Amino acid sequence: MYVAVKGGEQAILNSWRLLAEQRRGDAGIPEITLTQIREQLGLAVDRVMAEGSLYDPELAALAIKQAQGDMVEAVFLLRAYRTTLPRLAASLPIDTSAMSLQRRISATFKDVPGGQVLGATYDYTQRLLDFELSNGAPVAPAPAAANALPAAADIATLMNAEGLLAEESPPADDAEPPDLTRDPLTYPAGRALQLQNLARGDEGFLLALGYATQRGYGHTHPFAGEIRQGAVIVEVVPEELGFAIEIGEITVSECQMINQFAGSATEPPQFTRGYGLAFGASERKAMAMALVDRSLRAGELGEAVTSPSQMQEFVLSHSDNVEASGFVQHLKLPHYVDFQSELELLRKLRARHFAGAGTDGAAT
Amino acid sequence: MSILAKADCAAIESACKTIGELPHVQWLRRPETGLVMVRGRMGGSGAKFNLGEVPVTRCAVRLENGIIGVAWVQGRDARHAELAATLDALLQAPEHDGLISKIHTHIIEPLAAVQTARRDLKARKAAATKVEFYTLAREAAAPPSSA
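Those protein sequence lines, which keep their order, are chains A and B.
Quick note on the working numbering: the first sequence kicks off at 312 and runs consecutively.
Quick note on the working numbering: the second sequence kicks off at 3 and runs consecutively.
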C-alpha cells in the first residue's frame with residue numbers, strides 16, 4: 312500500500328512565524344545585536360566556531376542569535392554555511408610556539424621558562440553569582456604590565472633535550488594530511504584524521520570521554536604539561552604569488568598533555584603525548600581533546616584497548632554533534648509506514664501468543 | 003600585505019582618503035570569498051593535520067600601467083580585498099609624485115602603529131597576570147633556651 316504523506320504546508324509556514332516571534336522574545340525589550348553577542352558572549356562564539364569548524368566570529372554570533380542560543384543548532388548552521396563556499400587553499404601549519412600569548416600555564420614545572428601567565432580565566436573565581444552583573448556596572452580597565460613578556464619556549468622543546476618526552480617531528484615527506492570534509496572516514500583512521508575529527512568534535516562528548524579516562528576507563532596518567540591560548544598568524548601561499556603571505560590572525564587554545572609510559576619493545580620508557588588544539592578560547596575542549604587523543608593512541612603504543620575512549624571507531628563516529636543530532640532527531644520524521652508494518656506484525660504475534668496460551672490453559 | 007590583511011576595512015578606507023582618489027583598476031580576478039583550511043601540527047611540531055577553516059576573500063587587480071596587485075584577506079569583505087589589492091599594486095609601481103611614500107606614511111605606517119599598539123596592550127595585560135612566586139624562608143630556628 313502506498314500512502315502519500317503530504318500536507319502541513321500552512322502549519323510549517325505558521326511554525327516558522329511562531330519561531331521567529333519566540334526568537335525575538337518580548338518586542339518591548341531591545342533586540343540583541345551580533346556585536347553584543349560577539350563581544351559579551353565570546354566563549355559561546357568560540358565554541359560554535361570550534362565545533363562548526365569555521366573561524367568567523369560574526370557568523371558564529373549570527374548562528375547563536377538565529378538558534379536562540381542553542382549551541383548544537385548554531386554549530387549546524389555554521390557547518391551548513393561552510394558548504395556553500397569553495398575551498399581556495401590550505402594554510403601553512405600555524406606556529407603555536409610563536410603565539411602571541413594571552414595565557415600560558417604548566418602544571419608540571421612551576422618555574423617554566425616564560426612563567427605561569429594566567430590570562431583571563433575562571434579558574435580562580437569563586438563561582439558565586441555576581442549580582443552586581445545583573446544590573447550592569449562599569450568595568451575598570453585591567454592593569455597592564457610595563458613590558459610584554461618575551462616569547463616562551465614550549466615545554467616540549469625543554470623536555471626533548473633529555474629525551475624524556477616522545478618527540479613529534481614532521482615525517483620526511485611532510486605530506487598533505489587527509490581531510491575528512493572531503494573523503495568519508497574509514498577505519499583505522501590515521502592520527503591526522505583523528506585530530507581533525509576531535510578538533511571539531513562536541514566538547515561535552517570529549518569532556519565525558521576524557522573524564523572517563525581519568526576515572527579508570529583507559530587510564531593514561533595525564534599531566535597538563537602546557538596550556539597556551541593566544542593569537543597565531545595564518546599564512547597561505549597563493550599560487551599566483553608563489554610565496555607565503557599573512558591573511559590574518561586567529562585565536563587558538565592548545566594543550567600538551569604528557570602521559571606516563573613504561574616503554575615497549577621498540578620505545579624506551581618516556582613520557583608520551585596527547586595533543587589538543589581548538590579555535591578560540593576553548594581550553595576545556597583542548598584539554599579533553601588531548602586526553603582523548605592520547606587514549607586513542609593505545610593501539611599504536613601497544614596498550615590493551617579495553618575502554619570506549621581507546622576505541623577509535625567508537626569515538627570518531629560519535630563525536631560530531633551535527634551528525635549525532637541529525638540522527639537522533641530524524642526519529643521525528645514520519646515513520647508511519649514502518650510503524651504500520653510493525654503494528655501489523657505485533658498484532659499477529661499477539662494473536663498467536665494468546666491463541667497458544669488459550670490452548671495451553673485448556674491442556675492443564 | 004600583512005598589515006593591510008589584518009587591518010579593519012573601515013580604517014583602510016578612511017586612511018585612503020588622505021591620499022586622494024585611488025586610481026581606476028581593472029579586475030583580473032573579481033573578489034571571491036572562499037575557505038582556507040587552517041593546518042596545525044601534531045604536538046605543535048609533528049605531522050600536519052587539518053584544524054578547521056577560515057573564510058578568506060581574494061582578488062587581483064591591474065593598474066593602467068599593467069602592474070598587478072593581489073590580495074588574500076581573512077573574512078568576507080570584498081571591499082577590504084579590493085583596497086588591499088589596489089594598494090599592493092600601487093606600492094609596486096615606480097614612484098610617481100611621491101605616491102608610494104604617501105601610502106607608507108599615511109596608510110601603512112598608521113595602520114601598523116594601531117596594530118602594534120593593540121597587540122602590545124593585550125600582551126602587557128597578559129603579562130600583568132604572570133605569577134610571581136615567592137618562597138617563604140623558614141624562620142631561623144629559635145635559639146636554644148638558656149634555662
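The beta-carbon is built from N, C-alpha and C at its ideal position, and this holds for glycine as well.
Small disclaimer: the values here were computed from a predicted structure and weren't measured.
- Query: When the distance is taken between beta carbons, is B/Q76 closer than 8 Å to A/I558?
  - Reply: On the first sequence, position 247 is the one that residue 558 of chain A refers to. On the second sequence, position 74 is the one that residue 76 of chain B refers to. Yes, these two residues count as a Cβ contact at 8 Å.
- Cβ contact check for the region 554-574 of chain A and the region 519-536 of chain A: 3 or more pairs under 8 Å: yes
- Message: According to DSSP, simplified to helix, strand and coil, what is A/Y586?
- Response: Translated into the one-based positions of the first sequence, residue 586 of chain A becomes position 275. Reduced to three states, the DSSP call for A/Y586 is strand.
- DSSP state of A/S698, grouped into three classes? Because chain A here runs from 312 to 675, residue 698 of chain A falls outside it and cannot be looked at.
- Task: Using the Cα positions of B/R81 and A/A355, report the straight-line distance between them to the nearest angstrom.
- Result: Here residue 81 of chain B is taken as the residue at index 79 of the second sequence, counted from 1. Here residue 355 of chain A is taken as the residue at index 44 of the first sequence, counted from 1. B/R81 and A/A355: Cα-Cα distance of roughly 29 Å.
- Can you grab the Cα-Cα spacing for the pair A/D485 / B/A49, in whole Å? On the first sequence, position 174 is the one that residue 485 of chain A refers to. On the second sequence, position 47 is the one that residue 49 of chain B refers to. Cα to Cα, A/D485 sits roughly 6 Å from B/A49.
- Query: Would A/T577 be called buried (16 or more neighbouring beta carbons within 10 Å of its own) or exposed?
  - Reply: Position 266 of the first sequence, counting from 1, holds the residue named residue 577 of chain A. Result: exposed.
- Message: Buried or exposed for A/D337, going by 16 or more other Cβ atoms inside 10 Å?
- Response: Within the first sequence, numbered from 1, the residue matching residue 337 of chain A stands at position 26. Under this definition A/D337 is an exposed residue.
- Query: Do you know offhand how far B/D90's Cα is from B/S4's?
  - Reply: Residue numbering aside, residue 90 of chain B sits at position 88 when the second sequence is read from its first letter. Residue numbering aside, residue 4 of chain B sits at position 2 when the second sequence is read from its first letter. Approximately 11 Å between the Cα atoms of the pair.
- Query: Among B/R126, B/M44, B/I14, B/P33, which residue has its Cα nearest to the Cα of A/S480?
  - Reply: Here residue 480 of chain A corresponds to residue number 169 of the first sequence, with the count starting at 1. Per the Cα distances, B/M44.
- Item | CB contact check: B/R41 to chain A, cutoff 8 Å | Counting from one through the second sequence, the residue named residue 41 of chain B turns up at place 39. At least one chain A Cβ lies under 8 Å of B/R41.
- Item | Helix, strand or coil at A/V548 [DSSP, three-state] | Locating residue 548 of chain A in the first sequence gives position 237, where the first residue counts as 1. Three-state result, A/V548: coil.
- Query: What did DSSP end up calling B/C11 once you bin it into helix, strand or coil?
  - Reply: What you label residue 11 of chain B is simply residue 9 of the second sequence in a count that begins at 1. Note: B/C11 maps to helix in three-state DSSP.
- Task: Taking A/V547 as the query, report the chain B residues whose CB atoms sit under 8 Å from its CB, ordered along the chain.
- Result: Walking along the first sequence from the start, residue 547 of chain A turns up at place 236. In chain order: V38, V58, W74.
- Item | Sequence-distant residues of the same chain with beta carbon closer than 7 Å to A/L388, five excluded per side | The sequence position of residue 388 of chain A within the first sequence is 77, counting from 1. Within the same chain, A/L388 has close Cβ partners A374, Q377, A378.
- chain B contacts made by the region 484-497 of chain A, where a contact means CB separation under 9 Å: D485, A486, E487, P488, P489, D490, L491, T492
- Task: Please go through the same chain and pick out, in chain order, the residues whose beta-carbon is closer than 7 Å to the beta-carbon of B/R150, but skip the five residues on each side of it.
- Result: Nothing about residue 150 of chain B can be read from this structure; chain B reaches only from 3 to 149.
- Query: A/N471 by DSSP, collapsed to three states: which one?
  - Reply: Locating residue 471 of chain A in the first sequence gives position 160, where the first residue counts as 1. Residue state, collapsed to three classes: helix.
- Message: Is it buried or exposed, A/E654, if we count other Cβ atoms within 10 angstroms and call 16 or more buried?
- Response: In the first sequence, residue 654 of chain A corresponds to position 343, counting from 1. The residue asked about is misnamed: residue 654 of chain A is Leu in this sequence, not Glu. Counting Cβ neighbours within 10 Å, A/L654 comes out exposed, since fewer than 16 surround it.
- Query: Nearest-angstrom Cα distance between A/L324 and A/A385?
  - Reply: Against the first sequence, residue 324 of chain A aligns to sequence position 13. Against the first sequence, residue 385 of chain A aligns to sequence position 74. Straight-line Cα distance between these residues: approximately 21 Å.
- Could you pull out every residue in the same chain whose Cβ sits closer than 7 Å to the Cβ of A/E369, ignoring the five residues on either side in sequence? Start at 1 with the first residue of the first sequence, and residue 369 of chain A comes out as number 58. Same-chain partners within the cutoff: L345, R349.
- Item | Supposed contact pair B/V38 and A/V545 - C-beta distance, whole angstroms, cut 8 Å | Here residue 545 of chain A refers to the residue found at position 234 when the first sequence is read from its first residue. Here residue 38 of chain B refers to the residue found at position 36 when the second sequence is read from its first residue. With 8 Å as the limit, A/V545 and B/V38 qualify as a contact, their Cβ atoms being about 7 Å apart.
- Kindly list the residues whose CB is nearer than 8 Å to the CB of B/I102, restricted to its own chain and excluding five residues on each side of it in sequence; keep chain order. Locating residue 102 of chain B in the second sequence gives position 100, counting from the first residue. So the qualifying residues of the chain are L92, L93, A95.
- Query: chain B beta carbons: is any one of them nearer than 8 Å to that of A/F534?
  - Reply: In the first sequence, residue 534 of chain A corresponds to position 223, counting from 1. A/F534 does not count as touching chain B.
- According to DSSP, what are the bridge partners of B/K50? Residue numbering aside, residue 50 of chain B sits at position 48 when the second sequence is read from its first letter. For B/K50, which the question treats as bridged, DSSP gives the partners B/R43.
- Message: Cutting at 6 Å between CB atoms, please list the residues of its own chain near A/A673, excluding the five before and the five after it.
- Response: On the first sequence, residue 673 of chain A is found 362 positions in, with the first residue counted as 1. Here the model assigns A/A673 a pLDDT of 49, short of 50, so the residue's position is not dependable, and the following value carries that caveat. No residues qualify anywhere along the chain.
- Message: So the candidates are B/E84, B/D79, B/T59; which of them puts its Cα closest to the Cα of B/G71?
- Response: Locating residue 71 of chain B in the second sequence gives position 69, where the first residue counts as 1. Ranking the options by Cα distance to B/G71, first place goes to B/E84.
- Item | DSSP bridge partner residues for B/W60 (one or two, in chain order) | Numbered from its first residue, the second sequence carries residue 60 of chain B at position 58. The sequence given here has Arg at residue 60 of chain B, not Trp. For B/R60, which the question treats as bridged, DSSP gives the partners B/E34, B/W74.
- Hey, would you say B/C61 sits closer than 8 Å to B/P33, going by beta carbons? Position 59 of the second sequence, counting from 1, holds the residue named residue 61 of chain B. Position 31 of the second sequence, counting from 1, holds the residue named residue 33 of chain B. Yes, they are a contact pair.
- Query: Can you round the beta-carbon distance between A/F516 and A/S630 to whole angstroms, since I take them to be within the 8 Å contact cut?
  - Reply: Within the first sequence, residue 516 of chain A is the residue found at index 205, counting from 1. Within the first sequence, residue 630 of chain A is the residue found at index 319, counting from 1. 5 Å between Cβ atoms; contact.
- Query: On the three-state DSSP scale, how would you describe A/N325?
  - Reply: Taking the first residue of the first sequence as 1, we reach residue 325 of chain A at position 14. Note: A/N325 maps to helix in three-state DSSP.
- Query: Where does A/R335 land, buried or exposed, given buried means 16+ other C-beta within 10 angstroms?
  - Reply: Residue 335 of chain A sits at position 24 when you count from the first residue of the first sequence. A/R335 comes out exposed.
- Message: Rounding to the nearest angstrom, what Cα-Cα distance links A/N508 and A/L552 in this structure?
- Response: Translated into the one-based positions of the first sequence, residue 508 of chain A becomes position 197. Translated into the one-based positions of the first sequence, residue 552 of chain A becomes position 241. The alpha-carbon atoms of A/N508 and A/L552 are separated by roughly 32 Å.
- Using a cut-off of 8 Å between C-beta atoms, extract the partners of A/G426 located in chain B. In the first sequence, the residue the question calls residue 426 of chain A occupies position 115. The answer, in chain order, is K132, V133.
- Less than 8 Å separating the beta-carbons of B/A7 and B/A86? Within the second sequence, numbered from 1, the residue matching residue 7 of chain B stands at position 5. Within the second sequence, numbered from 1, the residue matching residue 86 of chain B stands at position 84. A contact, by the Cβ cut-off of 8 Å.
- Message: Checking 8 Å against the spacing of the C-beta atoms, do A/Q581 and A/A477 come in under that value?
- Response: Numbered from 1 along the first sequence, position 270 holds the residue referred to as residue 581 of chain A. Numbered from 1 along the first sequence, position 166 holds the residue referred to as residue 477 of chain A. In contact: A/Q581 and A/A477 (Cβ atoms closer than 8 Å).
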